[in-house]
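Just below is one structure, and these are the notes that go with it.
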Ligand code: ADP
Ligand code: MG
């Protein structure tokens, strides 16, 4: 179950992982995209952290909403609206039910798919969100699930986003957005949300 405290911890841990690994994320994006995923995400989570530090949320939904808005308005690349929409949909779902983590993440994934129109197997962040949600729903999420989902993007051929332009050449490289989503879910595991 999500609480104000563990949700704040989740997003703070996510922000820290992005900041610590920004250079690596951009390096991954250099191979199959335009090399900005780390700097994009770092700018977004910095704004998000500032926003969260100032806020006095009364509900879990009150945390996700400003977090979403700061990602949408501070990330130039495709990943900003995608993560932002995910968190915005999670905010709406949390207002309905902050206990069902599976439903919360499903709402986030539905937002990503509505905005980006990618399917499972297209070598995007969806290839991490989808198996992770399945594991959450089976009460089986652990870091190995996350790691395996991220690694599995290596062999996929990109069909959506900038990496689709390099087509076959994307095979053999991790998807940068899958890696940043991996940090999102590692942060979730470390936050204690799963134990609550
Ligand atoms: P840009 O591609 O505009 O430079 P980023 O480099 O910040 O944006 O983000 C790239 C990541 O966004 C990709 O690695 C992929 O995971 C994700 N992505 C791109 N397009 C889509 C899409 N249509 N649906 C889901 N995820 C996508
Ligand atoms: Mg990019």
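In the working numbering, the protein residues as written are 49 to 244.
For glycine and all other residues, C-beta sits at the position ideal for the given N, C-alpha and C.
Taking the straight line between their C-alpha atoms, what separation do you get for residue 84 and residue 125? Each residue's alpha carbon lies about 8 Å from the other.
For residue 105, does the three-state DSSP call read helix, strand or coil? Residue 105: coil per DSSP, three-state reduction.
Along the chain, which unbroken stretches of the alpha helix (DSSP H) at least 4 residues long are found entirely within the segment 130–175? Uninterrupted alpha helix (DSSP H) stretches at least 4 residues long and entirely within the segment 130–175 occur at 149–164, given in chain order.
Give a single yes or no on whether residue 69 has its beta carbon closer than 8 Å to a heavy atom of the ligand MG. No, the beta carbon of residue 69 sits no closer than 8 Å to any heavy atom of the ligand MG.
Cutting at 7 Å between CB atoms, please list the residues of its own chain near residue 145, excluding the five before and the five after it. Contacts found: 151.
For the structure I just gave you, are there three or more beta carbon pairs, one from the segment 103–111 and one from the segment 127–134, closer than 8 Å? Fewer than three pairs of CB atoms, one per stretch, sit closer than 8 Å, so the segment 103–111 makes no contact with the segment 127–134.
CB-CB under 7 Å to residue 58, same chain, minus the five flanking residues each way: which ones, in chain order? Within the same chain, residue 58 has close Cβ partners 235, 236, 239, 241.
Among 209, 200, 141, 163, whose alpha-carbon lies nearest the alpha-carbon of residue 50? Cα-wise, what sits closest to residue 50 is 141.
Between the Cα of residue 87 and the Cα atoms of 123, 65, 61, 64, which residue gives the shortest distance? The residue among 123, 65, 61, 64 with its C-alpha nearest the C-alpha of residue 87 is 123.
May I ask you to report which of helix, strand or coil DSSP gives residue 52? Correct three-state label for residue 52: helix.
Mapping the DSSP letters down to three states, classify residue 221 as helix, strand or coil. Residue 221 falls in the coil class under three-state DSSP.
Kindly examine the ligand MG and report whether one of its heavy atoms sits closer than 8 Å to the Cβ of residue 85. Yes - the ligand MG has a heavy atom lying nearer than 8 Å to the Cβ of residue 85.
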